[in-house]
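One structure is given below, encoded as structure tokens.
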Amino acid sequence: MAGTQEQRTRALRADAQQNVERILEAAISCLGTNPEASMAEIAKAAGVGRVTLYGHFPSREVLVEAALTRLLERGEEALRGIDLTGDPRDVLAALIESSWLLTAQAGSVLVAAQALLPPGRVHEMHAEPERRLIDLIRRGQSEGVFRKDLSAAWLANVVHYLMKGAAADVSAGRLDRSEVPNLIAATMDGVVQPRFT
Numbered sequence: 001m002a003g004t005q006e007q008r009t010r011a012l013r014a015d016a017q018q019n020v021e022r023i024l025e026a027a028i029s030c031l032g033t034n035p036e037a038s039m040a041e042i043a044k045a046a047g048v049g050r051v052t053l054y055g056h057f058p059s060r061e062v063l064v065e066a067a068l069t070r071l072l073e074r075g076e077e078a079l080r081g082i083d084l085t086g087d088p089r090d091v092l093a094a095l096i097e098s099s100w101l102l103t104a105q106a107g108s109v110l111v112a113a114q115a116l117l118p119p120g121r122v123h124e125m126h127a128e129p130e131r132r133l134i135d136l137i138r139r140g141q142s143e144g145v146f147r148k149d150l151s152a153a154w155l156a157n158v159v160h161y162l163m164k165g166a167a168a169d170v171s172a173g174r175l176d177r178s179e180v181p182n183l184i185a186a187t188m189d190g191v192v193q194p195r196f197t
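Reminder that position 62 of the sequence shown reads as 62 in UniProt numbering, one-by-one numbering, no gaps.
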């Protein structure tokens, strides 16, 4: 009898976990096309009722944060595969290309998160990718291939500003998504060049 109850509990946990996965994927999909997607729309896309959705994610804020966390985890997996030991200019171009693909996928989810979450929380969630970029820029500065008169943190911010601007231009139809990595890399190549006086 105890074994039967244990099996039911395990089955329930597996079913609940499947619901969580479906809800997260639906949230990523729905928010990816409309950052204002409602909880009802997300529940419908996940194939669950609103009660089930709210049972796992008690508010839109909690769900949006979980969706962004999921996307950032996927991004970390992709970015971890980049060899950071090569020429800093080449590594920067590779990071920009991979980061753009992630930004393009997560853009509207990030918009939803920025509207709901405190700015400090969104920044905190991006700490690891930001650290990686700043460390690379510092290495480039110490090797003399990146300018030293601007801080690594500022140069990393410039990359983020360019990504956000490019995402806005892509959304508005002013820029082709496939052109963005090369445009940002070329722009940053000019920005990071050492200044000789």
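Yeah, the Cβ is synthetic: ideal placement off N, Cα and C, and Gly gets one too.
The structure presented is a predicted model; accordingly, all values stated were derived computationally and were not measured.
| query | result |
| --- | --- |
| Use the C-beta contact count for Trp100: other C-beta atoms within 10 angstroms, 16 or more gives buried, fewer gives exposed. | buried |
| Going by C-alpha distance, which of Arg177, Asp90, Trp154 is nearest Gln105? | Arg177 |
| Could you have a look at Thr187 and say whether DSSP puts it in helix, strand or coil? | helix |
| Provide the residue span of the alpha helix (DSSP H) that contains Thr85, from first to last. | Taken as a continuous stretch (DSSP letters only), Thr85 belongs to no alpha helix (DSSP H), as it is neither H nor E. |
| Should Thr103 go down as buried or exposed, given a rule of 16 or more other Cβ atoms within 10 Å for buried? | buried |
| Look up Glu130 in the DSSP assignment and say whether it is helix, strand or coil. | helix |
| What separation, rounded to the nearest whole angstrom, lies between the Cα atoms of Arg132 and Val48? | 38 Å |
| Which residue comes first and which comes last in the alpha helix (DSSP H) that contains Arg195? | Neither: Arg195 is in no alpha helix (DSSP H) and is coded neither H nor E. |
| Taking C-alpha atoms, which residue in Ala43, Val192, Pro119 lies nearest to Ala156? | Val192 |
| With a floor of 4 residues, list each alpha helix (DSSP H) that falls wholly inside the stretch 25-107, ordered by position along the chain. | 39-46, 50-56, 60-80 |
| Figure out for me which residue from Ala16, Ser142, Ala112 has the closest Cα to the Cα of Ala27. | Ala112 |
| Can you give me the start and stop residues for the alpha helix (DSSP H) that Pro119 sits inside? | 119-125 |
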